[in-house]
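**Student:** For reference, the structure I am asking about is given below.
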Amino acid sequence: VEYNAGSNIVIYKSRCFILIDNYVLSLDFTADKTKPFAEKIETDITGEAYLLAIKSGIILSDRKDIYFMNILLNERSFKYTGISSYEINSLAGNNETLVIGTGKGWGKYKISGMTENFLEDSEENIVRALSDNVLSVTKKNKIIFYNLHNANEAEGFVINSKNVSGSQEIISVVYDNNQIFTLSDKGILTCFSNDKLNIHI
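FYI, the numbering for the sequence shown is 1 to 201, going by the numbering used here.
See below:
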């Protein structure tokens, strides 16, 4: 293995993007599935960073700034979106909508840079999953489901179990048709379905 890629890998159609240190390695499998065309894309990021694939391209973020490369327009470099926030810790995207989790809440933006909504909080909010209608945000062992179109509509649940001692934290959220699954660091799997929620998936 020539590169130390960590966990920041995203797939966009026939291309694979791997975040390595302060650059992104693009592997294009269009012409040859066994010998991809490799291209190194330099970036302005430093430190901890995140990659995300959306409908029109690839989003790149460090702990402060958001960058975007439009694949549909054949762009070959990341451009600053104008979106900056405090202590970015997570990303989720849906079409042209971007939601970021931060140390002081979460924000909803258009890729063009326009802010649609920012919900301030005294606790760290981690964005876990996003659908057309529902945004899932976690705060340690609590999950909050927000109406993506109206953040004032929300409902929260605390994940706990009589069989687990000590505190636990939600580490993963996955959507599947009309169900939402959460997994905690203590191995507790919980399922929420439309008949249990006021905000439908």
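All C-beta atoms, glycine included, are put in the ideal place defined by N, C-alpha and C. All of these numbers come straight from a predicted model, not from anything done at the bench.
So who's on the other strand from Leu189, going by DSSP bridges?
**Tutor:** Leu183
**Student:** Nearest-angstrom Cα distance between Leu73 and Leu27?
**Tutor:** 18 Å
**Student:** Put Asn74 into one of helix, strand or coil per three-state DSSP.
**Tutor:** coil
**Student:** Below 8 Å CB to CB, which residues in the same chain sit around Gly156 once its five sequence neighbours on both sides are set aside?
**Tutor:** Lys142, Ile143, Ile144 and Phe145
**Student:** Report the rounded CA-to-CA distance for His149 versus Asn133, giving the unit in angstroms.
**Tutor:** If I take the Cα positions, the gap works out to 7 Å.
**Student:** What are the boundary residues of the beta strand (DSSP E) that Ala38 is part of?
**Tutor:** Phe37 to Glu42
**Student:** Since Ile18 and Ile9 should fall inside the 8 Å C-beta cutoff, what is the C-beta to C-beta distance between them, to a whole number of angstroms?
**Tutor:** The C-beta separation of Ile18 from Ile9 comes to about 5 Å, placing the pair in contact by the 8 Å criterion.
**Student:** Drop a sphere of 10 angstroms on the beta-carbon of Leu98, count the other beta-carbons inside from all chains shown, and report buried for 16 or more, exposed for fewer.
**Tutor:** buried
**Student:** Please determine, among Tyr175, Ile58, Gly105 and Val164, the residue with the shortest C-alpha to C-alpha distance to Arg76.
**Tutor:** Taking only the C-alpha atoms, the option nearest Arg76 is Ile58.
**Student:** Can you list, in chain order, the residues of its chain with a C-beta nearer than 8 Å to that of Tyr67? Leave out the 5 residues immediately preceding and following it.
**Tutor:** Thr43, Asp44, Ile45, Ile59, Leu60, Ser61, Phe78, Lys79, Tyr80 and Thr81
**Student:** Is it true that the CB of Gly107 sits closer than 8 Å to the CB of Asp121?
**Tutor:** no
**Student:** So what's Lys140 in DSSP terms, helix, strand or just coil?
**Tutor:** coil
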